[in-house]
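Working notes, beginning with the structure itself.
In the UniProt record's numbering, the protein residues as written are 1 to 258.
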């Protein structure tokens, strides 16, 4: 009898487990089965900050000068192949280079407009035409000291040809075609700031070679060689600074006194 009761209990337990499994496994699982509910957070879009454009105008500025270097007509092609000329324009202490007119020879065309702030008391620009060299330094083939035309300061645009100097002689190297315009700038008054005195370092001596002096003397044949050497020593061998100093010196000498 006890054995019969045990078998009956096992049959009930087996049916109960099978029934439970059948109930669990029948049907599709709900979408949220074994999934954690994660709260959705709204992410704020980053704020777009517009950059502030700040226009800086150097002190002692007369206005904005625009020079367009259009073309040049040179009298000679130096070298065995056609030259690759480019033009360098100096406004005050700042120099600008045009693009290289590759294989242009005696008739380079640039069509390059250069914009620069014109400092006070600067009445001229200095132009050099170089032949770009693949090997070795570029060669200066022509130059011109151009006085700024007075009509541009009254709002006029000027388009004109100017003579070039070089190995052929003063004003005999060809012509350069330039376009000028000028826009004055009204600057607010700024308080003067006294710089703190600093101990000046002792400069090392600079050796000025005969080639350095000769190169600048070719540009300024009327200036004594010793004067050029002294200016080079004062500018510590900086040829561009020496050229600017000589230009200011010659401009002051050419200005008639009342």
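Where a beta carbon is used, it is the ideal one built from N, C-alpha and C, also for glycine.
A quick note: this is a predicted structure, and the numbers were derived from the prediction, not measured.
message: What would DSSP say about residue 163, mapped onto helix, strand or coil?
response: Position 163 of the chain shown holds residue 163. Strand.
field: Neighbour-count burial assignment, residue 80, 16 or more Cβ in a 10 Å radius
entry: For the purposes of this step, residue 80 is taken as residue 80 along the chain shown, with counting starting at 1. Taking a 10 Å sphere around the C-beta of residue 80, we find fewer than 16 other C-beta atoms and assign the residue as exposed.
query: Does the Cβ-Cβ distance between residue 88 and residue 130 come in under 8 Å?
result: In the chain shown, the residue the question calls residue 88 occupies position 88. In the chain shown, the residue the question calls residue 130 occupies position 130. Yes.
- prompt: Rounded C-beta distance between residue 99 and residue 112? I'm assuming under 8 Å.
  reply: Within the chain shown, the letter at position 99 stands for residue 99. Within the chain shown, the letter at position 112 stands for residue 112. Confirmed, about 6 Å.
- prompt: Between the C-alpha atoms of residue 177 and residue 157, what's the straight-line distance to the nearest angstrom?
  reply: Taking the chain shown and counting its residues from 1, one reaches residue 177 at position 177. Taking the chain shown and counting its residues from 1, one reaches residue 157 at position 157. Roughly 14 Å separates the two Cα atoms.
- request: Please confirm if residue 79 has its CB atom under 8 Å from at least one CB of chain B.
  value: No chain B is part of this structure, which consists of one protein chain only.
task: Compare the Cα-Cα distances from residue 171 to each of 109, 121, 60, 142 and report the closest residue.
output: The residue given as residue 171 occupies position 171 in the chain shown. Put simply, of 109, 121, 60, 142 the residue whose alpha carbon is nearest the alpha carbon of residue 171 is 142.
message: Among the candidates 182, 56, 69, 64, whose CA atom is the shortest distance from the CA of residue 162?
response: What you label residue 162 is simply residue 162 of the chain shown in a count that begins at 1. The option with the nearest alpha carbon to residue 162 is 69.
query: Going by other Cβ atoms of all chains shown within 10 Å of its Cβ, with 16 needed for buried, is residue 180 buried or exposed?
result: Position 180 of the chain shown, counted from the start, is the residue given in the question as residue 180. Result: buried.
task: Going by DSSP, name the residue or residues bridged to residue 59.
output: Position 59 of the chain shown, counting from 1, holds the residue named residue 59. BP columns for residue 59 are empty, so no partner.
- request: Using beta-carbon positions only, say whether residue 64 and residue 185 come within less than 8 Å of one another.
  value: One-based indexing of the chain shown puts residue 64 at position 64. One-based indexing of the chain shown puts residue 185 at position 185. Yes, these two residues count as a Cβ contact at 8 Å.
query: Roughly how many angstroms lie between the CA atoms of residue 247 and residue 128, to the nearest whole one?
result: Here the question's residue 247 lines up with position 247 in the chain shown. Here the question's residue 128 lines up with position 128 in the chain shown. So the alpha carbons of these two residues sit roughly 13 Å apart.
message: DSSP three-state label for residue 244, please.
response: Working through the chain shown from its first residue, we reach residue 244 at position 244. Residue state, collapsed to three classes: helix.
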